[in-house]
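S.K.:
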């Protein structure tokens, strides 16, 4: 079985479909042909049996019957060929008296049993003395007491059945050939969309051209496969474009601190090489600038690493955490950087438990708070509240123009008015990503009286689940 199966699997798909179609049709035609032949045979034999049972041999009496039949010990003439009906008398001892012009048929046990009175009739196949196959019906005549055995040759039925078998065999052969051709045509026609899909995949693999699209026609499985391929190539093209944009934006953002850092270091090296050291105050300012640029560079690299992580959630990374406690920790971190003049108030932090990644959630909250602190005036205030799972951060800064609000969560996007401020333009992108992974939403809107209002909504509950 291994050899034929392996050779079958090695055939092209359209050849396998055509072969399977031909085999299926061959089996169906064979089953129908055999059934038709058996039914026809049974019908013909039933009609022959009915004709034998309905026949009667006119016997004028015992004397005439004895004169018109030939005793078993007399030589039998050669068979003259099939006749309408042959008859003979069967005696209780197994003897026979063959009717005039009839072929002698071998007496069987069932015939003797009828002659002895053990059975009323018998119907069976038999043979003449010449070897011809006949159908025999034996019945005892109550009026005369004779047991008459009538027979008809089966040649006429066998000939018709043989002709029917030849016709069915020819039709089956033609049906199998036609089914094979039809199967090959159907396979070629049905697999044309698959051929187009294969060509598109090979083209993409060869040229990396993700703009290829397959025409979709209909709602069948092939159409669904084509739509899935088009969606996949579109997603891959979009992902590649985003990666290229991320690399380009990252390169642009990295170039600025690196250029400034290089300039400051070259200035320090030149002062040492020329033997003219910088004044202590200028040197301290220069080193502070180098330190700030390195901090900015490290922050940018951290943001890029955060954005490079897979977008898939789950996989054991999410857990139930207290949002109010993580928010309190983030507030403490931001207060250290905000300075003593900026008021960072949190009058109400209701308990709220959410499913999130603790470190990522804390980083997102710090980014939101840092963003509010960065755009607040030195002696301003940032108001924070957590009520029923809705976190609100409100600053009193210059606010965001309405036409810029749709872009605030884009990677590396920075408002023209904030280009001179520190930052990479990735903070709010990380916030949006983290909140969405936890099933929440974030939005920015102008606050009444000036400033910006950030609202983060996370699904959760005011009490921890029992397993926490």
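Numbering (full-length UniProt numbering), first residue to last: 1 to 468. Idealized CB from N, CA, C, for every residue including glycine.
#1: Rank 382, 284 and 152 by C-alpha distance to the C-alpha of residue 340 and give the top, closest one.
#2: What are the boundary residues of the alpha helix (DSSP H) that includes residue 335?
#3: Can you tell me whether residue 388 is buried or exposed, with buried defined as 16 or more other CB within 10 angstroms of its CB?
#4: Which residue marks the beginning of the alpha helix (DSSP H) containing residue 109, and which one marks its end?
#5: Let me confirm a value: residue 486 is counted as buried when at least 16 other C-beta atoms fall within 10 Å, else exposed. Which label applies?
#6: Just curious, the alpha helix (DSSP H) that residue 198 is in, first and last residue?
#7: At what residues does the alpha helix (DSSP H) containing residue 85 begin and finish?
#8: With a threshold of 6 Å on Cβ separation, who are the neighbours of residue 385 within its own chain once the five nearest residues in sequence on each side are excluded?
#9: Can you tell me whether residue 186 is helix, strand or coil according to DSSP?
#10: Taking 6 Å as the limit between beta carbons, can you name the residues of its chain near residue 86, skipping five residues before and five after?
#11: Starting from the Cα of residue 156, find the closest Cα among 18, 212, 200 and 135 and give me that residue.
#12: For a test of the three-state rule: what should DSSP assign to residue 141, helix, strand or coil?
#13: Please determine, among 399, 463 and 431, the residue with the shortest C-alpha to C-alpha distance to residue 447.
#14: My output table needs one value for residue 383: the three-state DSSP class, helix, strand or coil.
#15: What residue does the beta strand (DSSP E) around residue 390 start on, and which one ends it?
#16: Could you tell me the alpha carbon to alpha carbon distance between residue 51 and residue 36, rounded to whole angstroms?
#17: Do you know offhand how far residue 177's Cα is from residue 91's?
#18: Let's see if you can read the secondary structure: which residues bound the beta strand (DSSP E) around residue 123?
#19: Would you identify the three-state DSSP class for residue 210, choosing helix, strand or coil?
#20: How big is the Cα-Cα spacing for residue 216 and residue 435?
#21: Please list the terminal residues of the continuous alpha helix (DSSP H) segment that includes residue 365.
#22: If you measure between the beta carbons of residue 338 and residue 431, is that distance less than 8 Å?
#23: Whole angstroms are fine: how far does the CA of residue 439 sit from the CA of residue 323?
#24: How about residue 187 and residue 318: do their beta carbons lie closer than 8 Å?
#25: Quick one: what's got a C-beta closer than 6 Å to residue 372's C-beta in the same chain, skipping five residues either side?
#26: Answer yes or no: do residue 144 and residue 122 have a C-beta to C-beta separation smaller than 8 Å?
M.R.: On the basis of the data shown:
#1: Residue numbering aside, residue 340 sits at position 340 when the chain shown is read from its first letter. Distances from the alpha-carbon of residue 340 to those of 382, 284 and 152 put 382 closest.
#2: For the purposes of this step, residue 335 is taken as the residue at position 335 of the chain shown. That run of the alpha helix (DSSP H) goes 323-338.
#3: The count along the chain shown starts at 1 and reaches residue 388 at position 388. Exposed.
#4: Residue 109 sits at position 109 when you count from the first residue of the chain shown. Per DSSP, residue 109 belongs to the alpha helix (DSSP H) from 109-115.
#5: Absent from the model: residue 486. The displayed extent of the chain is 1 to 468, so no value can be given.
#6: Taking the first residue of the chain shown as position 1, residue 198 is located at position 198. Run containing residue 198: 192-207, per the alpha helix (DSSP H) assignment.
#7: Stepping through the chain shown from its first residue, residue 85 is reached at position 85. For residue 85, no alpha helix (DSSP H) run applies, since DSSP gives it neither H nor E.
#8: Here residue 385 refers to the residue found at position 385 of the chain shown. Excluding positions up to five away in sequence, the list reads 348 and 392.
#9: If you number the chain shown from 1, residue 186 lands on position 186. Taken through DSSP and simplified to helix, strand or coil, residue 186 comes out as helix.
#10: Numbered from 1 along the chain shown, position 86 holds the residue referred to as residue 86. Only 102, 103 and 151 meet the Cβ criterion.
#11: Within the chain shown, residue 156 is the residue found at index 156, counting from 1. Here the closest residue by C-alpha is 135.
#12: Looking up residue 141 in the chain shown gives position 141. Looking at residue 141 - three-state DSSP - the assignment turns out to be coil, as it is neither helix nor strand.
#13: The residue you call residue 447 lines up with position 447 of the chain shown. Per the Cα distances, 399.
#14: Locating residue 383 in the chain shown gives position 383, where the first residue counts as 1. Secondary structure at residue 383: strand, using DSSP grouped into helix, strand and coil.
#15: Counting from one through the chain shown, the residue named residue 390 turns up at place 390. For residue 390, the enclosing beta strand (DSSP E) has its first and last residue at 390-394.
#16: Looking up residue 51 in the chain shown gives position 51. Looking up residue 36 in the chain shown gives position 36. Distance between the alpha carbons of residue 51 and residue 36: 22 Å.
#17: Reading the chain shown from its first residue, position 177 is the one you call residue 177. Reading the chain shown from its first residue, position 91 is the one you call residue 91. The straight-line gap from Cα to Cα measures roughly 58 Å.
#18: Sequence index remark: in the chain shown, residue 123 carries index 123 (1-based). Note, residue 123: beta strand (DSSP E), 121-127.
#19: Residue 210 sits at position 210 when you count from the first residue of the chain shown. Coil.
#20: By one-based count along the chain shown, residue 216 stands at place 216. By one-based count along the chain shown, residue 435 stands at place 435. So the two alpha carbons sit approximately 37 Å from each other.
#21: If you number the chain shown from 1, residue 365 lands on position 365. Segment 358-374, the alpha helix (DSSP H) holding residue 365.
#22: Here residue 338 refers to the residue found at position 338 of the chain shown. Here residue 431 refers to the residue found at position 431 of the chain shown. Contact: no.
#23: Numbered from 1 along the chain shown, position 323 holds the residue referred to as residue 323. Numbered from 1 along the chain shown, position 439 holds the residue referred to as residue 439. Looking at the two C-alpha atoms, the distance is approximately 14 Å.
#24: For the purposes of this step, residue 187 is taken as residue 187 along the chain shown, with counting starting at 1. For the purposes of this step, residue 318 is taken as residue 318 along the chain shown, with counting starting at 1. No, Cβ-Cβ distance for residue 187 and residue 318 is not below 8 Å.
#25: Looking up residue 372 in the chain shown gives position 372. Taken in chain order, the residues that qualify are 382, 393 and 395.
#26: Locating residue 144 in the chain shown gives position 144, counting from the first residue. Locating residue 122 in the chain shown gives position 122, counting from the first residue. No; because the gap between Cβ atoms is not below 8 Å, this pair is not in contact.
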